[in-house]
Amino acid sequence: MKKNVAIFLSGGGSNMRALVGAMNAAHPGRPALIVSNDAQAGGIAWAKGQGLETLVVDHRPFQGDRVAFERAMLAALAPHKIDLICLAGFMRVLTEVFVSPWQGRMLNIHPSLLPKYKGLHTHARALEAGDQEHGCTVHLVTDKLDDGPILGQAHVPVEADDTPDVLAARVLKQEHRLYPLVLERFLNGITEPIFLNADLSQP
Ligand code: GRF
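What the sequence shown shows, in this note's numbering, is residues -6 to 196, in sequence order.
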């Protein structure tokens, strides 16, 4: 029986699309629910167009009260019988109120080779540091930001003339390879991390 996966996003949702695409083929997960804190998120419009079930809990009426927002999210999620959450560009920091009931059942993708560059502006920071390689990480979520056991990483080279945007695009392409693969492995009970190198011969 397939596991019900909820995907959380705040933006265009290209990682969500990659996850949905993989789950629509032979995969142990089913894209049961697409969740956002923003009704205008591009990913929500796309998901609706695909006939996927969506849920929006707008954080703004909570006026910075993270605990109240997270309690509302937990309550809204409860009827959906979700087995696993994939955070995919979900731009709200989650506290232990939300994380603790989902700990061990919630993954995140972060655009750096963690533990390097937790938080924002990861591509600019990698360039400023003069790194020769960069990449992305899928990890289990804990209540510490961009922390938690690593389940997989994809490495990309940094080129001499890279800008943050060029580097971000190179990393994003690998995010779309890494996340569906790690999700599949995780749902099959594999928690040993996997490390991918970018195959730059692929278009
Ligand atoms: C990705 O780079 C992801 O790693 C980061 O936010 C971005 C989301 O992109 N957390 P998208 O909405 O999946 O296109």
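From the three backbone atoms N, C-alpha and C, an ideal C-beta is built for every residue, glycine too. It should be emphasised that the depicted structure is a prediction, and the values quoted were computed from it without experimental measurement.
Span separating the alpha-carbon of residue i from that of residue j
i, j, result
"Gln189", "Ala147", "Note on residue identity: the sequence assigns Leu, not Gln, to residue 189. Going by the C-alpha atoms only, they are around 4 Å apart."
"Ala117", "Thr156", "8 Å"
"Pro186", "Ile102", "13 Å"
"His21", "Glu177", "Checking the displayed sequence, the identity of residue 21 turns out to be Pro instead of His. Using only the alpha carbons, I get a separation of about 6 Å."
"Leu26", "Lys137", "25 Å"
"Asp154", "Asp58", "43 Å"
"Pro54", "Ala32", "13 Å"
"Ala61", "Leu45", "27 Å"
"Trp39", "Lys(-4)", "22 Å"
"Leu100", "Ser29", "16 Å"
"Ala68", "Gly4", "23 Å"
"Leu171", "Leu165", "10 Å"
8 Å contact criterion, which residue i and residue j should meet: CB distance rounded
i, j, result
"His132", "Leu144", "6 Å"
"Gly82", "Gly6", "7 Å"
"Glu89", "Cys129", "Not confirmed; about 25 Å, so no contact."
"Ser105", "His127", "7 Å"
"Ile78", "Phe179", "About 12 Å; that fails the 8 Å criterion."
"Glu63", "Leu87", "7 Å"
"Thr47", "Val92", "Not a contact, Cβ separation roughly 22 Å."
"Val149", "Arg163", "5 Å"
"Arg85", "His52", "6 Å"
Cβ-heavy atom distance, residue i to ligand 1, below 6 Å
i, result
"Ala81", "yes"
"Gly141", "no"
"Gly182", "no"
"Asn30", "no"
"Gly4", "yes"
"Ile102", "yes"
"Asn8", "yes"
Opposing strand residues paired with residue i [DSSP bridges]
i, result
"Phe1", "Val28 and Leu80"
"Ile187", "Gly145"
"Thr88", "The partner list for Thr88 (beta bridge, DSSP) is empty, contrary to what the question assumes."
"Met99", "Ile78"
"Val131", "Ile102 and Gly145"
"Pro108", "Partner(s): none; Pro108 has no beta bridge."
"Arg23", "Asn(-3)"
"Pro126", "Reading the sequence as shown, one finds Glu at residue 126 and not Pro. Partner(s): Pro150."
"Thr47", "Ile27"
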